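Numbering (this note's numbering), first residue to last: 368 to 787.
I have placed the structure first, in the form of structure tokens, so that the comments after it can refer back to it.
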Amino acid sequence: GHWIWAPLVRNVPRNLPVADIIPEPPVQPVASDPVADTGSSAEPVATPSASPQTPTGGSPLPSGLPFAYGIQAHVIDVGTRNRRQILDAVQDLGFTWLKTQIRWEDFERTPGYYQFTSSRTELDALVADAGRRNIKLLLSVTATPRWARKLNDDKFVAGFPKDPAALAGFIGELARRYCGKVAAIEVWNEQNYYVETGDRDMHGSDYLAVLIPASQAIRQHCPGMYIVSGGLTPAANITGKSVDDFVYLEQMLEGGLAEHVDAVGAHPHGFNVPPHATWEEACAAIQVTGNGFFNGPCDNPHHSWSFRSTMEGYRELLVRNGAGHLPIVPTEFGWPSFQNSADNIHEAYLYANDNSEAEQAEWTVQAFRMMETWGWTGPAFLWNLNFRVVAPTTERALWGIVSTQWEPLPVYYALRQLTR
368 GHWIWAPLVR NVPRNLPVAD IIPEPPVQPV ASDPVADTGS SAEPVATPSA
418 SPQTPTGGSP LPSGLPFAYG IQAHVIDVGT RNRRQILDAV QDLGFTWLKT
468 QIRWEDFERT PGYYQFTSSR TELDALVADA GRRNIKLLLS VTATPRWARK
518 LNDDKFVAGF PKDPAALAGF IGELARRYCG KVAAIEVWNE QNYYVETGDR
568 DMHGSDYLAV LIPASQAIRQ HCPGMYIVSG GLTPAANITG KSVDDFVYLE
618 QMLEGGLAEH VDAVGAHPHG FNVPPHATWE EACAAIQVTG NGFFNGPCDN
668 PHHSWSFRST MEGYRELLVR NGAGHLPIVP TEFGWPSFQN SADNIHEAYL
718 YANDNSEAEQ AEWTVQAFRM METWGWTGPA FLWNLNFRVV APTTERALWG
768 IVSTQWEPLP VYYALRQLTR
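Here it is in structure tokens:
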């Protein structure tokens, strides 16, 4: 009933400021770009091998990262009252994990000077508050500070550091400071996508050069802290823009990824495709559920449109490369809905207009149930809790599960019922 939420609603300020530090939203996979034969640099989309019709594997993994319910929230730079409201919501949902993005550029603006207690970062306070509630934290580290960037790279996008030791120093300090208090660190975000690396010529080995020193630093300072590889964005091969996530994952695995992580991150977004539909079934599925605004799965069939095919494809790659012992941790997944949005239509995210709030609720619950059943999924983090509140006029808000005034949407109620 509404009474559980009522104290939270009453305590919310009506004039919340828009947060300054906002993670990037899930990108529309470049598989949606038309295959060009007019001189464009776009490469044809490779047709992936068919996804299995039943999930690969099934027995629980011997891992300290079993399946659990998690969610991402903007919980940095929000103040004590709003931070506690966010944690109240996580508990009310019955979730046990919370992910927040840690933008390195905001925490180490000057080399060696860490800002974990300032009003802008508040990380010490978050860790303490979450610990008191037994909420496990996943910190997702990204965004190199300017002083650590490559000299001539594109400063309009997030980029890898010039010297991986600089990132290892920062992540090592996180591990040292929060050992026993933070459960896991995700090292980077969507590294197969140009805007997250600043590199036009991307390869899985580039990520390993960044990951391995960071992993070693975590192991040195806090051996019990879990290491998750950065979740890849679902994408196709587009020269200078992205590398197909299946290709990039295989490159990472061939380079020894499994030796340096405890879990493999993933971003299996659903777009306007129900979670049970494979990429081969996606076109037929959206003709039933609605494709009036977005027809990508029909116009350009590719695994990246399908939550299920992305997850099962990753599992197949892990098993094939001798890494089947590693759980897959969806550090970001979900379905957006434009229904009752506070903003105008976002042209790059038209698929959100095809999804009703009822579908958002149904599909999110179904996806969580699928992951729990598979047996090879670790904690799964829904994107997102509160971006309708902190960033109501951005496309990020379309994934939020509470309104601009913290009123629970149908997906919120469905999730709360799921965990009861």
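Backbone N, C-alpha and C define an ideal beta-carbon position, used for all residues, glycine too.
In this text the structure is predicted, and so the values were computed from the model without any measurement.
Taking three-plus beta-carbon pairs below 8 Å as touching, is the segment 516-525 in contact with the segment 612-630?
By the Cβ test, the segment 516-525 is not in contact with the segment 612-630, since fewer than three Cβ pairs between them sit closer than 8 Å.
Selection from H441, L460 and A533 that minimises the alpha carbon distance to E472
By 1-based counting over the sequence shown, the position of residue 472 is 105. Among H441, L460 and A533, the Cα nearest to that of E472 belongs to A533.
Would you mind giving the Cβ-Cβ distance between Y593 and F660, rounded to the nearest angstrom? I have them listed as a contact below 8 Å.
Within the sequence shown, residue 593 is the residue found at index 226, counting from 1. Within the sequence shown, residue 660 is the residue found at index 293, counting from 1. Contact flag wrong, Cβ pair sits at about 39 Å.
Report the residue ranges of all alpha helix (DSSP H) runs contained in full by the segment 703-773; include only those spanning at least 4 residues, in chain order.
Counting whole runs of 4 or more residues, the segment 703-773 contains the alpha helix (DSSP H) stretches 724-741 and 754-757.
Would you say L575 and G622 are within 7 Å of each other, going by their C-beta atoms?
The residue given as residue 575 occupies position 208 in the sequence shown. The residue given as residue 622 occupies position 255 in the sequence shown. Contact check for L575 against G622 passes: the beta carbons are separated by less than 7 Å.
Quick check on the burial criterion: 16 or more other C-beta atoms within 10 angstroms. Buried or exposed for V554?
Working through the sequence shown from its first residue, we reach residue 554 at position 187. With a threshold of 16 other beta carbon atoms within 10 Å, V554 meets it and is buried.
Tell me the rounded alpha-carbon separation between N688 and G680.
Taking the first residue of the sequence shown as position 1, residue 688 is located at position 321. Taking the first residue of the sequence shown as position 1, residue 680 is located at position 313. Whole-angstrom Cα-Cα distance: 12 Å.
DSSP-derived helix/strand/coil call for G663
If you number the sequence shown from 1, residue 663 lands on position 296. Of the three classes helix, strand and coil, the one that applies to G663 here is helix, per DSSP.
Since I653 and P664 should fall inside the 8 Å C-beta cutoff, what is the C-beta to C-beta distance between them, to a whole number of angstroms?
The count along the sequence shown starts at 1 and reaches residue 653 at position 286. The count along the sequence shown starts at 1 and reaches residue 664 at position 297. The Cβ separation is near 6 Å, so the contact holds.
Per DSSP, cross-strand counterpart(s) of P528:
One-based indexing of the sequence shown puts residue 528 at position 161. According to DSSP, which records beta bridges pairwise, P528 is partnered with R516.
Residues in its own chain within less than 7 Å of E475 by CB, not counting five upstream and five downstream?
Residue 475 sits at position 108 when you count from the first residue of the sequence shown. Around E475: Y481, P512 and F537.
Could you check if Q420 is buried or exposed, using at least 16 other CB atoms within 10 Å of its CB as the buried criterion?
Within the sequence shown, numbered from 1, the residue matching residue 420 stands at position 53. For Q420, the pLDDT reaches just 38, beneath the cut-off of 50, and the residue's location in the model is therefore unreliable, leaving the point undetermined.
Is DSSP giving P580 helix, strand or coil here?
Taking the first residue of the sequence shown as 1, we reach residue 580 at position 213. Helix.
Quick check on this structure: which residue in S704, M738 and L782 has the alpha carbon closest to the alpha carbon of E724?
Here residue 724 refers to the residue found at position 357 of the sequence shown. When each option's Cα is compared against that of E724, the closest is S704.
Quick check on I453: buried or exposed, where buried means 16 or more other Cβ atoms within 10 Å of its Cβ?
Mapped onto the sequence shown, residue 453 falls at position 86. So I453 counts as buried.
For S572, the three-state DSSP class (helix, strand or coil):
Taking the first residue of the sequence shown as 1, we reach residue 572 at position 205. It is helical.
First and last residue of the uninterrupted alpha helix (DSSP H) at W471
Position 104 of the sequence shown, counted from the first residue, corresponds to residue 471. Element bounds for W471: W471 to F474.
Start-to-end residues for the alpha helix (DSSP H) that takes in P777
The residue you call residue 777 lines up with position 410 of the sequence shown. Counting along the chain, the alpha helix (DSSP H) containing P777 begins and ends at P777 to L785.
Look up G437 in the DSSP assignment and give the residues it is bridged to.
Taking the sequence shown and counting its residues from 1, the one referred to as residue 437 is at position 70. Paired residue(s): W464 and F748.
Rounding to the nearest angstrom, what Cα-Cα distance links T645 and V757 in this structure?
Numbered from 1 along the sequence shown, position 278 holds the residue referred to as residue 645. Numbered from 1 along the sequence shown, position 390 holds the residue referred to as residue 757. Taking the straight line from one Cα to the other gives about 34 Å.
Taking just the CA atoms, how far does L506 sit from T488?
Counting from one through the sequence shown, the residue named residue 488 turns up at place 121. Counting from one through the sequence shown, the residue named residue 506 turns up at place 139. Here the C-alpha atom of T488 lies approximately 13 Å from the C-alpha atom of L506.
Leaving out five residues on either side along the sequence, give the residues of the same chain with a beta carbon under 6 Å from the beta carbon of L785.
For the purposes of this step, residue 785 is taken as residue 418 along the sequence shown, with counting starting at 1. Once the five neighbours on either side are set aside, the close Cβ partners of L785 are V732.
Who are K503's beta bridge partners in DSSP?
The residue you call residue 503 lines up with position 136 of the sequence shown. Answer is W464, bridged to K503.
Pull up the distance between the alpha-carbon of R755 and that of D710, whole angstroms please.
Taking the sequence shown and counting its residues from 1, the one referred to as residue 755 is at position 388. Taking the sequence shown and counting its residues from 1, the one referred to as residue 710 is at position 343. Going by the C-alpha atoms only, they are around 10 Å apart.
Any idea if S485 is buried or exposed, counting beta-carbon neighbours within 10 angstroms, 16 or more meaning buried?
As a first step, residue 485 is located in the sequence shown; it is residue number 118 there, counting from the start. Exposed, since its Cβ has fewer than 16 Cβ neighbours within 10 Å.
Between G598 and E699, is the Cβ-Cβ spacing less than 7 Å?
Within the sequence shown, residue 598 is the residue found at index 231, counting from 1. Within the sequence shown, residue 699 is the residue found at index 332, counting from 1. It is a contact, given that the beta carbons lie within the stated cut-off.
Throw me the rounded Cβ distance for the R808 and H643 pair, which I believe falls under 8 Å.
There is no way to answer for residue 808, as the model of the chain reaches only from 368 to 787.
Excluding the 5 residues preceding and the 5 following G767 in the sequence, name in chain order all residues of the same chain whose CB lies nearer than 8 Å to its CB.
Indexing the sequence shown from 1 puts residue 767 at position 400. The beta carbon of G767 sits closer than 8 Å to those of N751, L752, N753, F754, R755, V756 and L776, all from its chain and outside the five residues before and after it, given in chain order.
Pop quiz: A764 and S708 are said to be a contact at Cβ under 8 Å. What is the actual Cβ separation, rounded to whole angstroms?
As a working note, residue 764 is residue 397 in the sequence shown. As a working note, residue 708 is residue 341 in the sequence shown. Correct: roughly 7 Å between the Cβ atoms.
Tell me whether the beta-carbon of A734 lies closer than 7 Å to the beta-carbon of A781.
The residue labelled residue 734 in the question sits at position 367 within the sequence shown. The residue labelled residue 781 in the question sits at position 414 within the sequence shown. It is not a contact, given that the beta carbons lie outside the stated cut-off.
Among T564, A550, S609 and R543, which has the Cα closest to the Cα of A584?
Here the question's residue 584 lines up with position 217 in the sequence shown. Out of T564, A550, S609 and R543, R543 has the C-alpha closest to the C-alpha of A584.
Residues near V562 by beta carbon distance below 6 Å, same chain, minus five either side:
In the sequence shown, residue 562 corresponds to position 195, counting from 1. Here V562 has V524 as same chain residues with Cβ atoms under 6 Å from its own Cβ, once five neighbours each way along the sequence are excluded.
Where does T606 sit, in a helix, a strand or coil, going by DSSP?
Stepping through the sequence shown from its first residue, residue 606 is reached at position 239. Shown here, T606 sits in coil according to DSSP, grouped into three states, outside any helix or strand.
Between T606 and G565, what straight-line distance do the alpha-carbon atoms span, to the nearest angstrom?
The sequence position of residue 606 within the sequence shown is 239, counting from 1. The sequence position of residue 565 within the sequence shown is 198, counting from 1. The straight-line gap separating the alpha-carbon atoms of T606 and G565 is approximately 13 Å.
Is A550 closer than 7 Å to A625 when the C-beta atoms are compared?
Locating residue 625 in the sequence shown gives position 258, where the first residue counts as 1. Locating residue 550 in the sequence shown gives position 183, where the first residue counts as 1. At a Cβ-Cβ threshold of 7 Å, A625 and A550 do not count as neighbours.
Kindly give me the distance between the Cβ atoms of G817 and V696, rounded to whole angstroms, as I take these residues to be in contact under 8 Å.
Not covered by the structure: residue 817. The range shown for the chain is 368 to 787.
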